[in-house]
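Going line by line, the protein sequences match chains A and B. Take any residue in the first sequence, note its place counting from 1, add 123, and you have its number in our numbering. Take any residue in the second sequence, note its place counting from 1, add 313, and you have its number in our numbering.
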Amino acid sequence: QQQVKQSPQSLIVQKGGIPIINCAYENTAFDYFPWYQQFPGKGPALLIAIRPDVSEKKEGRFTISFNKSAKQFSLHIMDSQPGDSATYFCAASIDSGGSNYKLTFGKGTLLTVNP
Amino acid sequence: DAGVIQSPRHEVTEMGQEVTLRCKPISGHNSLFWYRQTMMRGLELLIYFNNNVPIDDSGMPEDRFSAKMPNASFSTLKIQPSEPRDSAVYFCASTLYQGDYGYTFGSGTRLTVV
């Protein structure tokens with residue numbers, strides 16, 4: 124059972140474009156939604172995260188939009204650069220009481236930003 | 314801090330052999346996760362530990378896989394006997410509190426079973 128569905132699988136944009144990656148989840152108990160960025164030969168690294176009490180979060184050129192009623196969230200990359208070319212993963216988890224629960228990852232989106 | 318350290322980086326083994334993957338989490342982190350990454354299935358959680366105790370091993374594919382965390386600074390993932398379908402990149406990750414810090418992943422072990 125895939126609990127976090129991510130689309131598209133791959134995305135190509137020109138430098139300066141705004142790629143958008145979408146994710147949908149099923150488990151209403153999820154309350155923590157991070158995005159991870161992975162470069163070839165490296166492990167994923169936390170990029171930005173959101174909790175469902177807000178509908179949007181910005182960190183630099185990266186923005187998460189969150190729609191609790193639709194159980195969807197998305198990543199927008201403003202003014203994309205060739206250095207942003209990587210695989211992006213959305214994820215979801217239960218985050219309560221300070222304990223660590225398992226992250227469920229989407230299948231990833233391979234982003235290519237052409238110069 | 315050197316980050317999460319995994320060894321070996323690459324492992325090529327013959328079908329039927331035992332394989333042991335190793336992980337040293339970041340000092341002070343209290344949770345450790347083993348993930349497997351393939352093109353077809355993406356990142357799959359195999360098992361995770363909180364304070365050295367296994368919490369959820371429902372992702373371990375079958376009895377050929379086992380994981381241990383004898384202390385806070387070391388964990389192993391063992392496959393015995395290995396099969397070609399086990400070929401993948403295996404990641405270890407650790408965290409103190411994922412809600413604030415996220416996971417820190419190691420660089421992974423690329424396992425090839427021939």
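A virtual CB, placed ideally from N, CA and C, is assigned to each residue, including glycine.
Residues sharing a beta bridge with residue i, DSSP
{"i": "B/R423", "result": "B/H323, B/V402"}
{"i": "A/K180", "result": "A/I187"}
{"i": "B/V332", "result": "B/I392"}
Min CB distance residue i to chain A below 8 angstroms
{"i": "B/Y403", "result": "no"}
{"i": "B/D369", "result": "yes"}
{"i": "B/G341", "result": "no"}
{"i": "B/L424", "result": "no"}
{"i": "B/S388", "result": "no"}
Cβ neighbours of residue i in the same chain (closer than 6 angstroms, five flanking residues each side left out)
{"i": "B/T425", "result": "V325, S400"}
{"i": "A/E179", "result": "S188"}
{"i": "B/K381", "result": "T389"}
Buried or exposed by the 16-neighbour rule on C-beta atoms within 10 Å, applied to residue i
{"i": "A/P131", "result": "exposed"}
{"i": "B/P383", "result": "exposed"}
The ligand MN heavy atom lying under 7 angstroms from the CB of residue i
{"i": "B/I339", "result": "You won't find the ligand MN in this model; it holds no ligand whatsoever."}
Contact list for residue i against chain A, beta-carbon separation under 9 angstroms
{"i": "B/F378", "result": "Ordered by position in chain A, no residue passes the 9 angstroms Cβ test against B/F378, which lies about 16 angstroms from the chain."}
{"i": "B/Q330", "result": "Under the 9 angstroms cutoff, chain A gives no residues; its nearest Cβ is about 25 angstroms from B/Q330."}
Residues near residue i in its chain [Cβ-Cβ closer than 8 angstroms; skip 5 each side]
{"i": "A/K138", "result": "S203, Q204, P205, V236, N237, P238"}
{"i": "B/N363", "result": "N343, S344"}
{"i": "A/S194", "result": "Reading off the sequence, residue 194 of chain A comes out as Lys, not Ser. Excluding sequence neighbours, A/K194 sits near A147, Y148, E149, T151."}
C-beta neighbour in chain B for residue i, strict 8 angstroms
{"i": "A/F228", "result": "yes"}
{"i": "A/A152", "result": "no"}
{"i": "A/L169", "result": "yes"}
{"i": "A/P157", "result": "yes"}
Closer than 8 angstroms at the beta carbon, the chain B residues around residue i
{"i": "A/S216", "result": "Q411"}
{"i": "A/K128", "result": "By Cβ distance, chain B contributes nothing, its closest Cβ being about 11 angstroms from A/K128, past 8 angstroms."}
Where residue i meets chain E, residues with beta-carbon distance less than 9 angstroms
{"i": "B/L334", "result": "Absence of chain E from the displayed structure is noted, the protein chains being A and B."}
Residues that residue i contacts on chain A, provided the C-beta gap is smaller than 7 angstroms
{"i": "B/L356", "result": "F212, F228"}
Own chain residues within Cβ distance below 7 angstroms of residue i, not counting five before or after
{"i": "A/P142", "result": "L134, V136, I200, S203, L234"}
{"i": "B/I339", "result": "D314, G316, V317, S407, T417"}
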